[in-house]
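Asker: Numbering-wise (the working numbering), the sequence shown opens with residue 985 and increments by one. Dropping the structure in here first, questions after.
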Amino acid sequence: MSLSDTLRRPSADALAIGGVVLCAVIWGTTWYAITWQLGTVDPVASLVWRFGLAALVLIVGCAVTGRSLKLTRGQHLAAVGQGAFVFAISYSFTYAAEGHVTSAIVAVVFAGLAFLNLVLFRLVVGQKASRGAWMGASLGIIGVAVLSGGEALGAGFDQRALMGIGLAFLAVLSSAVGNYFSWRGQEQGTAILPQTGWAMAYGTGMLVVYGLVTGARFTIDSSPGYLVSLIYLAVMGSVVAFVTYFAVARARGYALASYISALTPPIAMLVSLLFEDARFGWSAAVGLALVLGGQVLLSRAPKAAG
985 MSLSDTLRRP SADALAIGGV VLCAVIWGTT WYAITWQLGT VDPVASLVWR
1035 FGLAALVLIV GCAVTGRSLK LTRGQHLAAV GQGAFVFAIS YSFTYAAEGH
1085 VTSAIVAVVF AGLAFLNLVL FRLVVGQKAS RGAWMGASLG IIGVAVLSGG
1135 EALGAGFDQR ALMGIGLAFL AVLSSAVGNY FSWRGQEQGT AILPQTGWAM
1185 AYGTGMLVVY GLVTGARFTI DSSPGYLVSL IYLAVMGSVV AFVTYFAVAR
1235 ARGYALASYI SALTPPIAML VSLLFEDARF GWSAAVGLAL VLGGQVLLSR
1285 APKAAG
């Protein structure tokens, strides 16, 4: 390979960091987009429209580009698990948590996803992570806790707040289990696009059943704000972000990919600063520095090995 080819071809680390940053920017702005969907439409219905549209985009995309949508029985089972835990259960708990505590507190809990993934993959499949990966994941937890500490203290941690934190923890735990099923699909040779498309389709079906059982009304708001936010959440927040997330996870491990959950809150706060007149103090700067330091450690850590 010539020197010019080497210079033109980005390194694996650069691609991984780029993918993490892309997902963090997208998911950091989805918090604001979600506020445009609250009020008139049942959250379960909004999730059905979001992931149903995203699944359709992925399935049509596979068909147009000639990618096969056929999966083996084992690959389908992995997609079912991924759809259940990543898209149906986790997001249902996340929306429920948002009804009890602010998004910043939920973000604090989600910052533990990288650490939880390290633990889960170590215990279940025997993957070993480097000391740098453990340190990076831990810095993410500390950084987001510092960054959002003022808002967490302001909640008072009453019974309602504790319920919200518990629901958020269940959402994070569900996401970690869903990552395991995504890894199972990877081990069985499923390509990212068809696996993600099927997983979203299965998750959407489960949300429909849940909505019917619980009496949710499947309405839609025809206002421009709702429809624009729905398209953004489905295409960018679901298709682009999740495909990129799982691509980074397959290339560099789920700990690095899930560190996106630690980088998202600072971006969400910036969006709040620009569009909601929010104000943040010195703790935000300290927390952001810790988060970025953890990102560097995780991106430089060797990929998890069995």
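For glycine and all other residues, C-beta sits at the position ideal for the given N, C-alpha and C.
#1: Kindly indicate the opening and closing residues of the alpha helix (DSSP H) around residue 1230.
#2: Pick from 1079, 1042, 1028: whose alpha carbon is nearest that of residue 1155?
#3: Say whether the segment 1014–1022 touches the segment 1209–1219, bearing in mind that this needs 3 or more beta-carbon pairs closer than 8 Å, one atom from each stretch.
#4: Considering Cα atoms alone, identify which of 1225, 1243, 1273, 1281 is closest to residue 1038.
#5: Using only alpha-carbon positions, find the residue among 1096, 1195, 1060 that is nearest to residue 1249.
#6: What's the C-alpha gap between residue 1072 and residue 1153?
#7: How far does the alpha helix (DSSP H) with residue 1059 in it reach, from first residue to last?
#8: For residue 1203, count neighbouring Cβ atoms within 10 angstroms of its own Cβ and tell me buried if that reaches 16, exposed if not.
#9: Within its chain, find whatever has a CB closer than 8 Å to the CB of residue 1227; leave out the 5 residues flanking it on each side and keep chain order.
#10: Go ahead and pull the three-state DSSP assignment for residue 1204.
#11: Leaving aside the five residues before and after residue 1066 along the sequence, list all residues of the same chain whose C-beta is less than 6 Å from its C-beta, in chain order.
#12: Taking C-beta to C-beta, are residue 927 and residue 1098 nearer than 7 Å?
#13: Tell me the rounded alpha-carbon separation between residue 1273 and residue 1117.
#14: Assign residue 1179 to one of three DSSP states: helix, strand, or coil.
Answerer: By the coordinates alone:
#1: If you number the sequence shown from 1, residue 1230 lands on position 246. Per DSSP, residue 1230 belongs to the alpha helix (DSSP H) from 1225–1236.
#2: Translated into the one-based positions of the sequence shown, residue 1155 becomes position 171. Here the closest residue by C-alpha is 1079.
#3: yes
#4: Numbered from its first residue, the sequence shown carries residue 1038 at position 54. The shortest Cα separation from residue 1038 among 1225, 1243, 1273, 1281 belongs to 1225.
#5: The residue given as residue 1249 occupies position 265 in the sequence shown. Residue 1249 has its Cα closest to that of 1096, out of 1096, 1195, 1060.
#6: For this step, residue 1072 is matched to residue 88 along the sequence shown. For this step, residue 1153 is matched to residue 169 along the sequence shown. Their backbone Cα atoms lie some 15 Å apart in a straight line.
#7: On the sequence shown, position 75 is the one that residue 1059 refers to. Here the alpha helix (DSSP H) through residue 1059 covers 1057–1066.
#8: Position 219 of the sequence shown, counted from the first residue, corresponds to residue 1203. Flag for residue 1203 reads exposed.
#9: What you label residue 1227 is simply residue 243 of the sequence shown in a count that begins at 1. The answer, listed in chain order, is 1042, 1176, 1177, 1180.
#10: Position 220 of the sequence shown, counted from the first residue, corresponds to residue 1204. Three-state DSSP puts residue 1204 in coil, outside helix and strand.
#11: Mapped onto the sequence shown, residue 1066 falls at position 82. Here the set comprises 1162, 1165, 1166, 1183.
#12: Residue 927 cannot be examined here, being either before or after the span of the chain that is shown, 985 to 1290.
#13: Counting from 1 along the sequence shown, the entry for residue 1273 is found at position 289. Counting from 1 along the sequence shown, the entry for residue 1117 is found at position 133. Approximately 17 Å between the Cα atoms of the pair.
#14: Taking the first residue of the sequence shown as 1, we reach residue 1179 at position 195. Residue state, collapsed to three classes: helix.
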